[in-house]
Amino acid sequence: MSKKILSLGLSQSNFLLQLYKEISKLEDGYSFSVDNLKDLSNGKNALDKSFFKNHHDFSGSKLSFSDYLKSLIKIVWLGIFWKFLFFQIRSSRSKSKLIKFLKLQIRTKAIIDTYILPYEYDIYHFHFCIDKNFWFLHYLPKKANVVCSFWGSDLYRRDNCRNNYFVLEGLKRSNFITIQTREMADFLEKKLNYRFGDKLKLAQFAIEKNIYFLINKFQTNLKELDSFKFFHNIPKDNKIVTIGYNANKAFKHIEILKIISEIPKNELQKITFILPLTYSRNSQYLEKLNSFVNELKSMHVIMFNDFLKDEDIAKLRLITDVQIQLPISDALSGTITEVLYANNMVIAGSWLPYEIYEKHGIELIKITNRKDLIKLLPNLLNTLDFFQEDNLVIKNKISDYFFPNYTSKAWIKIYNSLS
2 MSKKILSLGL SQSNFLLQLY KEISKLEDGY SFSVDNLKDL SNGKNALDKS
52 FFKNHHDFSG SKLSFSDYLK SLIKIVWLGI FWKFLFFQIR SSRSKSKLIK
102 FLKLQIRTKA IIDTYILPYE YDIYHFHFCI DKNFWFLHYL PKKANVVCSF
152 WGSDLYRRDN CRNNYFVLEG LKRSNFITIQ TREMADFLEK KLNYRFGDKL
202 KLAQFAIEKN IYFLINKFQT NLKELDSFKF FHNIPKDNKI VTIGYNANKA
252 FKHIEILKII SEIPKNELQK ITFILPLTYS RNSQYLEKLN SFVNELKSMH
302 VIMFNDFLKD EDIAKLRLIT DVQIQLPISD ALSGTITEVL YANNMVIAGS
352 WLPYEIYEKH GIELIKITNR KDLIKLLPNL LNTLDFFQED NLVIKNKISD
402 YFFPNYTSKA WIKIYNSLS
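Shown next as structure tokens:
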């Protein structure tokens, strides 16, 4: 089945390439184009731009006075424009903000008519559902096929009246809304106080399989793993505890380290704590975190600041005995899946939407309070062998339910149902 799909909204290379490439392997005839692609490879891998049929930069489009004038004439006849205008007037008394808003609406409509619609895309796929990513959505023709996909932080960490209003209007307009887990779907409907019914679909994002192949490759290669530890100044015989997977303050690194520092010193001496801080970096927060870590005398903490190659990520998953995952919020996590695949343990907050693992018989250790780490962590590290299951069983479950040969089918079904 032939489909021309345009990706709009947030266009991060790691998400889009994994998802669209894996879908293409199972379905012939799809072509994918992208707007404002953001390369997150950071030297780790060369970004394969050749995969996409077209690379657009709609926000930077040049428009003539005639384009703006035609857009103004068209937009005043649209009910959605007046609905948004009255909302803007009610929510902001600033004249400058109102003028800026009007200019944005006119420019958005002009870009759609002048640059987007002439390509005649079959499906418009909006990623990362926040207000500023939905402007094109609102002014697409009513007959246009629209899919909106939540990633995680767009759902959990963006919550204000203005954002929720424009997001809800966009979701009402869409054909389908994808979300990764049932808990996330329930949270969405409660947050927006709206029932989306059958248009809400569960669809997991494609994972990067290369990491899993490398985990298999290095799992029994103790020499390589010891060399990785030596390079990063990790004592060979220490237990390894990794906290979070990026530098976002939502992962509560400082709070967790403060709590863990209350563990008896004789236990802490046996542990190395690793903080992966390779992306979502905020200089102010990192400075505060650095200062705090430097004052910790009883704990061995290593911070990873440079992007890791896939081989190093696989090795980190393998040497990690316990992954601590206690952010304020999170979506379905590739990091967690990789750690579990490596047959290591995960301590996760009970408030996180990870029930999908338990649904498929994969065990996590859940806690309701971060202070539970004081007793739990030493006990867990001393009894790891008791908790760990047959690694082949875990690997099979993950490959059966989390690998793209399974997850891509949901996306294909959604696309093919749109004529």
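The sequence shown lines up with residues 2 to 420 when you count with my numbering. A virtual CB, placed ideally from N, CA and C, is assigned to each residue, including glycine.
Take L385, set aside five residues on each side of it, and the residues of its chain with a beta-carbon closer than 7 Å to its own are D322 and M346, in chain order.
Burial check for R318: the Cβ neighbour count within 10 Å reaches 16 or more, so the residue is buried. Closest by C-alpha distance to Y69, out of K96, K104 and H57, is K104.
In this chain, the alpha helix (DSSP H) harbouring M185 covers R183 to L193. For the pair L269 and L278, the CB atoms are not nearer than the 8 Å cut-off.
By a beta-carbon distance limit of 8 Å, L223 does not contact G245. Their separation comes to about 26 Å.
Pairing D58 with N37, the inter-Cα distance amounts to about 5 Å. For H139, the enclosing alpha helix (DSSP H) stretches over residues W136 to H139. In the DSSP assignment, T273 falls within the beta strand (DSSP E) that extends over I272 to P277. Burial check for L27: the Cβ neighbour count within 10 Å stays below 16, so the residue is exposed.
Between L226 and P265, the alpha-carbon positions lie close to 28 Å from each other. A residue is called buried when at least 16 other Cβ atoms come within 10 angstroms of its Cβ; M2 does not meet this threshold and is exposed. Bounds of the beta strand (DSSP E) holding Y125 are I124 to H128. Per DSSP, D36 is one residue of the beta strand (DSSP E) stretching across Y31 to D36. For a cut-off of 8 Å, the C-beta gap from F404 to K259 is around 38 Å, too long to register as a contact. Residue nearest to Q285 within the set K250, Y166, S93 and V394 is K250 (criterion: CA-CA distance).
If you draw a straight line from the Cα of Q324 to the Cα of T243, it comes to about 5 Å. Distances from the CA of I113 to each of G153, K71 and N15 were compared; the closest alpha carbon is that of K71.
Restricted to the stretch 339-363, the beta strand (DSSP E) segments that are unbroken, complete and at least 3 residues in length are 346-350, listed in chain order.
Put simply, the backbone Cα of K310 is about 30 Å away from that of T179. Closest option to I6, judged by alpha-carbon separation, among I100, P236 and H128: H128.
Closest option to L377, judged by alpha-carbon separation, among I337, F229, L297 and E263: E263. Around the beta-carbon of D331, 16 or more other beta-carbon atoms lie within 10 Å, marking it buried.
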